[in-house]
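Residue numbers (this note's numbering): -12 to 238. Where a beta carbon is used, it is the ideal one built from N, C-alpha and C, also for glycine. Since the model is a prediction, treat every value here as computed from it, not as a measurement.
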């Protein structure tokens, strides 16, 4: 979890802090000040910690069908809500003067439905950040060749030989081995010819073949330098860096 980008931590900390503040203000309408304060310190902390367990489970669902993934995510959020209720509610009720021995099942599960809704809202936000959880696996098409121009000749180039592609004005530069081919088109249009899971956009002007990646070199602000096996380096912008890391991990 420590390898998450900055915007993930901003979302996590911001969500649970704002939630705690909202619950505290709402709790003041029917709870004593100290009870509302303590309850809404414990719940965001418990929610923040347990959300990482939910994330780990979500990532393990990738091998299931989309509909089953949704059901498992909803059930996981319900389980997290139940666990948080069981942790936070006894503290709240004992603060209100009820001995622990007098607590019933109703006391332990009180507010679980509301917590479940909170987890679902949090979960939707997380899924928006980590689109890979609900990504549809595509069957890898058979390797094919592209006909590219070099020095006035049209040359067949295997997709597996292409290391990376760069936008260059009205052209794209296609690098394969020691050769560089020019193609008069846009990078977006050329990407349609690279409909293969080995290729991913690492920057708005760069597409890279993941099987030619040797290493990632972190830079500031969540960006990376991608070091290819031929020791060429290309850029991975902050917007695309996380996707590159995840796709490399799945190879």
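Would you kindly report the start and end of the unbroken alpha helix (DSSP H) that includes residue 54?
Along the chain shown, one-based indexing puts residue 54 at 67. Looking at the DSSP string, the run of the alpha helix (DSSP H) that includes residue 54 is 53 to 82.
Mapping DSSP to helix, strand and coil, what is residue 97?
On the chain shown, position 110 is the one that residue 97 refers to. DSSP places residue 97 in the coil class of the three-state scheme, outside both helix and strand.
Just mark residue 229 as buried or exposed, buried being the case when its beta carbon has 16 or more other beta carbons within 10 Å.
As a first step, residue 229 must be located in the chain shown, where it is residue number 242. Buried, because 16 or more other Cβ atoms sit within 10 Å of the Cβ of residue 229.
Is the separation between the beta-carbon of residue 14 and that of residue 27 shorter than 7 Å?
Here residue 14 corresponds to residue number 27 of the chain shown, with the count starting at 1. Here residue 27 corresponds to residue number 40 of the chain shown, with the count starting at 1. Yes; because the gap between Cβ atoms is below 7 Å, this pair is in contact.
For residue 251, the first and last residue of its enclosing alpha helix (DSSP H):
With the chain covering -12 to 238 only, the question about residue 251 has no answer from this structure.
Count the C-beta pairs between the region 71 to 91 and the region 186 to 202 that are closer than 8 Å, then say yes if the count reaches three, no if not.
no
Pick from 139, 66, 62, 99: whose alpha carbon is nearest that of residue 76?
Along the chain shown, read from residue 1 onward, the residue named residue 76 stands at position 89. When only C-alpha atoms are compared, the closest one is 99.
Kindly list the residues whose CB is nearer than 7 Å to the CB of residue 206, restricted to its own chain and excluding five residues on each side of it in sequence; keep chain order.
To locate residue 206, count along the chain shown from 1; it is residue 219. The residues are 212.
For the region 17 to 35 and the region 55 to 64, state whether three or more C-beta atom pairs, one from each stretch, are separated by less than 8 Å.
no
DSSP-derived helix/strand/coil call for residue 132
Position 145 of the chain shown, counted from the first residue, corresponds to residue 132. The answer is strand: DSSP assigns residue 132 an E or B state.
Please look up how many angstroms separate the CB atoms of residue 113 and residue 42, rounded, as I've assumed it's under 8 Å.
Along the chain shown, read from residue 1 onward, the residue named residue 113 stands at position 126. Along the chain shown, read from residue 1 onward, the residue named residue 42 stands at position 55. Indeed, because the Cβ distance is near 7 Å, the residues count as touching under 8 Å.
Across which residues does DSSP place residue 155 in a beta bridge pair?
To locate residue 155, count along the chain shown from 1; it is residue 168. BP columns for residue 155 point to 158.
Does DSSP put residue 183 in a helix, in a strand, or in coil?
To locate residue 183, count along the chain shown from 1; it is residue 196. The answer is coil: DSSP assigns residue 183 none of H, G, I, E or B.
Bridge partners of residue 194, per DSSP?
The sequence position of residue 194 within the chain shown is 207, counting from 1. Answer is 152, 188, bridged to residue 194.
Please state whether the Cβ-Cβ distance between residue 72 and residue 96 is less than 7 Å.
Counting from 1 along the chain shown, the entry for residue 72 is found at position 85. Counting from 1 along the chain shown, the entry for residue 96 is found at position 109. Yes, the Cβ-Cβ distance between residue 72 and residue 96 is below 7 Å.
Taking only three categories from DSSP, how would you classify residue 233?
Mapped onto the chain shown, residue 233 falls at position 246. Helix at residue 233.
Among 168, 170, 3, 233, nearest to residue 29 - alpha-carbon criterion:
Stepping through the chain shown from its first residue, residue 29 is reached at position 42. Answer by Cα proximity: 3.
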